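Its first residue numbered 2, the sequence shown is counted upward by one per residue in my numbering. These notes are about the structure you will find just below.
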Amino acid sequence: MDNKKIASNKILWIFAIGQLGWSTLAGIITNWMVKFYEPDKLPEGHSYFTPQGRIVLGLLTAMGVIAAAGRIFDAVTDPYIAGKSDSFKHRLGRRIPFMRVAAIPFGVMTVLIFTLPFKGESYGNFGLLFLFCMLFYLCMTAYCTPYNALIPELGRTQETRINLSTYISVTYFFGSGISYLVPNIAGIFSGSMGYTNSFRLTVGILSAIAVVCMLVPAFLIDENTYADTTPTEGTAFSSLMATFKNGDFRTFVASDIFYWIGLTMFQTGLPFYITTLLGLKDTWAFPMFAAMTFFSLLCYAPVNIFAKKMGKKKLIAFAFMFFSVTFLVTALAGILPIPGVAYGFIIAALAAIPMAILGILPQAVVADISEADKIETGESRQGMFYAARTFAFKMGQSLAMLLFTSIKTINSDVPSGESGYGLGLRITAILATVLCLIGGFIFFRYNEKDIIAKLESANKED
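If you want it as structure tokens, here you go:
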């Protein structure tokens, strides 16, 4: 260990508030952008703003193209921002300056995505939405990549690393839960403002709150006290290549890609599963997510304890398999003779356990790998490790958005109650099941014992 100070739990919680902010903004876009612009049923008083149907080669929808392109752009900019952050020299450190600059534009772009100016199915709106989404993901990268790079710096021991991963997972869940409140809050204003404007106002309110949360760690944490602020040498590309030379990291990333493809399809599809497969109103999205969050939070303390005693690998592999079961149960929604509300809460309860595990431990695994790599190479490239991870899984998310927005249109013209209704949505859940299983099998190859041995050896020497 060097002479940097170990972060207290108070500092760890201050840091976690930043995740509450950015996860709220990310959740708004992930959960509601497709639903707002390509609703399965047009809400009263709402209208279409972008071209509908499969407009690209007869295969891809407008939202599919935008969402996928945004994720690809986001993935490509991750290593670039990470390289700049790792090599940045500033009196405030390598990460904090990026977080301060990016927070407000991040919130502004979230609002602009839902405030297109033209009426009807406009290609002008399509162009603006494309631009706003690219800027949104650029701002998200500029904040989140330096933010994530602070995780191994603040969590400088196994105990603090797992604690920090637990705290940011808690705030991530709350941020995601807040994002599911959009239609519920919008309903308060819809009587006087209509569906569209009340939705936009809600996004504006939540975005403002999220920005304040993101600025909390940016102004209350002194990076120089806790982190190694020595800039790295070399280009972003050379650093990225060096990062992917780590075999354990490649194994982790490979499993992570399959997990995120499946999870992104599930998260994007959740409002559709609720309304189409279960036959409920979209306002049920928040109560069900709240239930999942509650059950998941009950699992946090056991996950924290078991991870310290038995390691992270076994728990993560178990979570992959359990999530696969959850996705498969989702695919059967509306077929089994169970009331829609009850079935929705069953899905929420099943998802809670793997969400707790995979919400906490993967971040800690990346921190372990990056610290072990630092011991071997002498290079402090935490930013690039997190960027390389996000580069890979965001490419997976891009594929997930293309797949989901295209597959969900299968049998979309079949009326409710007739054979084949909701078939496309069921296929997306089945595909998510298969992909999560593959990710779990790949993760079995991760050599956790070797990584932990390197970290413990280095700590003993210090």
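Where a beta carbon is used, it is the ideal one built from N, C-alpha and C, also for glycine. Every value quoted in this text rests on a predicted model; they were computed, and no experiment measured them.
inquiry  = Quick check on the burial criterion: 16 or more other C-beta atoms within 10 angstroms. Buried or exposed for Asp87?
reply    = buried
message = What does the Cβ neighbour count give for Glu457, buried or exposed, with the cut at 16 atoms within 10 Å?
response = Exposed, by the Cβ-count rule.
key: Arg1 vs Tyr173 beta-carbon contact at 8 Å   = This structure leaves residue 1 out entirely; the chain is present only between 2 and 463.
query = Is Thr233 helix, strand or coil when you go by DSSP?
reply = coil
task = Look at the Cβ atom of Arg72, then the Cβ atom of Lys395, and state whether they are nearer than 8 Å.
result = Taking 8 Å as the cut-off, the beta carbon of Arg72 is found closer than this to the beta carbon of Lys395.
inquiry  = In this structure, how does DSSP classify Thr158 when only helix, strand and coil are distinguished?
reply    = coil
inquiry  = According to DSSP, is Thr391 part of a helix, a strand, or is it coil?
reply    = helix
inquiry  = DSSP has Thr265 in a bridge; who is on the other side?
reply    = Note: Thr265 sits in no beta bridge, so no partner.
key: Between the CA atoms of Thr25 and Ile210 - distance to the nearest angstrom   = 9 Å
query = With burial defined as no fewer than 16 other Cβ atoms inside 10 Å of the residue's Cβ, what is the status of Val366: buried or exposed?
reply = It counts as buried.
request  = Find the nearest neighbour of Thr252 within the set Phe137, Ile262, Gly440 and Ala76, judged by alpha-carbon distance.
outcome  = Looking at Phe137, Ile262, Gly440 and Ala76, the one whose alpha-carbon comes closest to that of Thr252 is Gly440.
Proximity below 8 Å, CB of Tyr274 to CB of Ala334 = yes
query = Once you ignore the five residues that flank Ala291 on each side, which residues in its own chain have a CB closer than 7 Å to its CB?
reply = Around Ala291, the same chain offers Gly178 as residues with beta carbons nearer than 7 Å, after the five sequence neighbours per side are excluded.
ask   = Grouping DSSP H, G and I as helix and E and B as strand, with all else coil, what is Val415?
value = Per DSSP, reduced to three states, the secondary structure at Val415 is coil, with no helix or strand assignment.
query = Can the beta-carbon of Leu21 be found less than 8 Å from the beta-carbon of Cys300?
reply = no
inquiry  = Count Cβ pairs between the stretch 336-350 and the stretch 246-265 that sit closer than 8 Å; are there 3 or more?
reply    = no
inquiry  = Tell me the DSSP secondary structure of Thr434 in three-state form.
reply    = helix
key: N-terminal and C-terminal residue of the alpha helix (DSSP H) that Ile186 is part of   = Val183 to Leu221
inquiry  = Given this structure, state the Cα-to-Cα distance separating Ser399 from Ala388, to the nearest angstrom.
reply    = 16 Å
request  = Let me know the alpha helix (DSSP H) ranges lying completely inside the stretch 63-122, each 4 residues or longer, listed in chain order.
outcome  = 63-87 and 97-114
request  = Pull up the distance between the alpha-carbon of Ile262 and that of Lys409, whole angstroms please.
outcome  = 15 Å
message = Quick test of the definition: if touching needs 3 or more C-beta pairs under 8 Å, does the stretch 161-176 touch the stretch 187-203?
response = Verdict: no, contact absent.
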